[in-house]
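Just so we're on the same page, the numbering used here is the position in the sequence shown counted from 1, plus 1. Note that CB positions come from ideal geometry on N, CA and C, so glycine has one too.
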Amino acid sequence: MTPLQQARQAAVDARARYRAGLVAPSAGQAPGLTQANMITLPREWAYDFLLFAQRNPQACPVLDVTEPGSYSTFLAEGADLRTDLPAYRVWRDGQLAEEVSDVREHWAQHDDLVSFLIGCSFTFEADLINAGIDVRHISQGCNVPMYRTNKLCRPAGRLHGEMVVSMRPIAAERVADAARITARYPGVHGAPVHVGEPALLGIDDLTRPDFGDAVTLKPGEIPVFWACGVTPQAVVMASKVPFAISHAPGHMFITDIADSYYHV
């Protein structure tokens with residue numbers, strides 16, 4: 002098999018493991034293939050979110066939108082968005098109601114759900130690693146740290162809320178390299194939105210992320226922040242959306258699309 006065929010087989014295998022009940026962060030799985038965040042909303046909220054994403058493309062770069070009621074996507078043939086992510090969150094009236102590994106039961110209660118697959122910064126991590134830049138949550142075997150910020154997104158319709166960011170510690174002398182590498186992936190968040198000084202984003206303590214796990218910040222490293230596809234979950238909370246399904250932070254949908262597709 003070619004390297005791309007091998008990667009796609011790894012993606013098929015990973016989705017099968019998640020469908021069978023494995024719950025684990027997806028970072029580092031099927032390297033070379035794009036990963037995606039997911040937010041699923043009733044049809045009556047879908048236009049508001051599509052407009053929200055259009056107005057906030059760095060936080061919500063849309064890779065695909067499903068037809069109402071559909072749980073398939075062109076991003077992965079034969080995949081099932083109800084079962085093939087490692088973990089999901091179910092939201093009611095802006096509150097987290099459940100975290101589960103299968104949402105078929107919840108999906109069956111609605112016949113008009115629309116799913117948005119949103120670019121994920123996990124996609125560009127292989128290029129960082131290949132450039133000799135340590136991706137700390139992968140080397141430490143944990144979930145990426147994510148933080149709510151004081152940076153408000155542009156509202157749309159009934160939706161509003163703050164941007165969520167992911168953080169990766171980068172050696173000071175490699176920050177420019179990391180920014181240059183990730184800027185070539187605008188469809189999966191692109192360049193950092195902030196470098197250093199977490200307090201300017203309203204982040205008081207890097208050891209206490211709002212989502213994911215804390216990672217070690219070594220001497221000589223600078224915290225670098227990227228827009229994060231968990232932003233829609235912060236928006237669901239702030240806007241008190243009556244019902245929504247999302248991926249659990251760090252537990253992404255692994256597509257069959259090569260990372261290079263989003264590289265410019």
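Chain-order list of residues whose beta-carbon lies under 6 Å from that of residue i (same chain, five-residue window excluded)
i, result
"V231", "M147, V165, F212, P250"
"M238", "G95"
"S167", "S122, V145, M147, W227, C229"
"A25", "P87"
"I204", "Y148"
CA-to-CA distance, residue j to residue i, given in whole angstroms
i, j, result
"I76", "A28", "This sequence places Leu at residue 76; Ile is not what is there. Roughly 18 Å between the two C-alpha positions."
"I139", "I130", "10 Å"
"Q36", "V145", "14 Å"
"A80", "M39", "14 Å"
"R175", "T217", "17 Å"
"D214", "A127", "20 Å"
"S71", "R83", "10 Å"
"Y263", "G188", "6 Å"
"A31", "R9", "7 Å"
"Y89", "A12", "18 Å"
"K152", "H161", "11 Å"
"R209", "C143", "14 Å"
"V225", "T124", "16 Å"
"A259", "L5", "7 Å"
"H190", "G221", "25 Å"
"L202", "Y186", "23 Å"
"Q55", "R155", "10 Å"
"H252", "S102", "10 Å"
Three-state secondary structure assigned by DSSP to residue i
i, result
"S116", "strand"
"A179", "helix"
"M238", "helix"
"H111", "coil"
"T35", "strand"
"L201", "helix"
"A8", "helix"
"P170", "strand"
"Y72", "coil"
"V225", "strand"
"N151", "strand"
"L129", "helix"
"L51", "helix"
"H248", "strand"
"E78", "coil"
"Y19", "helix"
"T124", "helix"
Beta-carbon proximity of residue i to residue j, cut-off 8 Å
i, j, result
"P87", "L34", "no"
"V242", "L42", "yes"
"L64", "A157", "no"
"P193", "A172", "no"
"I275", "V136", "Residue coverage of the chain in this structure runs from 2 to 265, which leaves residue 275 outside it and unanswerable."
"W227", "S122", "yes"
"P62", "I119", "yes"
"I134", "D178", "yes"
"E78", "D257", "yes"
"S116", "T183", "no"
"R93", "P69", "no"
Same chain, Cβ closer than 7 Å to residue i, five either side skipped, listed in chain order
i, result
"D85", "R16, Y19, R20, F254"
"K1", "No answer is possible for residue 1: the residues shown for the chain start at 2 and end at 265."
Residue i classed as buried or exposed, judged by whether at least 16 other C-beta atoms fall within 10 angstroms
i, result
"Y48", "exposed"
"V265", "exposed"
"Q234", "buried"
"R149", "buried"
"A109", "exposed"
"E106", "exposed"
"A132", "exposed"
"T3", "exposed"
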